[in-house]
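Before any comments, here is the structure.
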Amino acid sequence: MMTMRIYYAFSMKEEIKKLYEDHPLNLYLILRNLYFMREADQEYAVYLYKQMINKLNKSKIDRDLFIQYHNTYTYSKNGEKHIINNLYKDEVSVLTVKNSYLLITTNQNNTSFFQILDQYASDFFICDFSNMDYFWLSSLKMLATSNAV
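Taking the numbering used here, the leading residue of the sequence shown gets 866, the next gets one more, and so forth.
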């Protein structure tokens, strides 16, 4: 049975990245608390969220992804969903561009979308709230580079 991972990719504001770059657990806990916040506290959660997260240019990212990858054998697009179906890597991943985050559903721990996102910005903080997993996209790149040697 295939286990799916659900990743949220947040483009963090520069001052937040500087503050939490060496303390990703603290940033994860803040985002997790916002994610699971009670409905009565939603107004405060939205205010705090906007202070930390860069708003994404949804249409630009959506268009850029399609233009760059539409001729790729493993890539397809269905509405707002960008899909990688790579039979060679046994990967099925779906990326949806939201206004303030990217939602990635995948059957892999390290989806091809992480390499694609790294081209856009180095300030993405990735969270999987269901599996209590979190990391800076830039640190994943460093791990991949050091493992390649």
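Cβ atoms here follow ideal geometry from the backbone N, Cα and C, with glycine treated the same way.
Enumerate in chain order the residues of its own chain whose CB-to-CB distance from residue 955 is below 6 Å, with the five nearest sequence positions on each side excluded. Translated into positions along the sequence shown, residue 955 becomes position 90. For residue 955, where only same-chain residues beyond five positions count, there are no Cβ hits under 6 Å.
Residue range of the alpha helix (DSSP H) that includes residue 938: To locate residue 938, count along the sequence shown from 1; it is residue 73. Per DSSP, residue 938 belongs to no alpha helix (DSSP H) and is neither H nor E.
Please go through the same chain and pick out, in chain order, the residues whose beta-carbon is closer than 6 Å to the beta-carbon of residue 896, but skip the five residues on each side of it. To locate residue 896, count along the sequence shown from 1; it is residue 31. For residue 896, where only same-chain residues beyond five positions count, the Cβ hits under 6 Å are 992.
Residue from 971, 946, 969 and 901 whose Cα sits closest to the Cα of residue 928: Residue mapping note: residue 928 aligns to position 63 of the sequence shown, counting from 1. Selected option, being the one with the closest Cα: 946.
Once you ignore the five residues that flank residue 914 on each side, which residues in its own chain have a CB closer than 8 Å to its CB? Sequence index remark: in the sequence shown, residue 914 carries index 49 (1-based). Cβ within range, chain order: 899 and 965.
Touch test, the region 925-940 against the region 902-913, Cβ-Cβ under 8 Å, three pairs minimum: no
Give a yes or no on contact between the region 977-986 and the region 878-887, applying the rule of three or more CB pairs nearer than 8 Å. no
May I ask you to list the residues that DSSP assigns as paired with residue 877? In the sequence shown, counting from the first residue as 1, residue 877 sits at position 12. In DSSP, residue 877 forms a bridge with 918.
What's the C-alpha gap between residue 938 and residue 987? Walking along the sequence shown from the start, residue 938 turns up at place 73. Walking along the sequence shown from the start, residue 987 turns up at place 122. So the alpha carbons of these two residues sit roughly 27 Å apart.
In whole angstroms, what is the alpha-carbon distance linking residue 959 and residue 935? As a working mapping, residue 959 is identified with position 94 in the sequence shown. As a working mapping, residue 935 is identified with position 70 in the sequence shown. Those two C-alpha atoms are separated by around 14 Å.
So for residue 995, helix, strand or coil by DSSP? Start at 1 with the first residue of the sequence shown, and residue 995 comes out as number 130. Coil.
According to DSSP, is residue 945 part of a helix, a strand, or is it coil? The residue you call residue 945 lines up with position 80 of the sequence shown. Coil at residue 945, not helix or strand.
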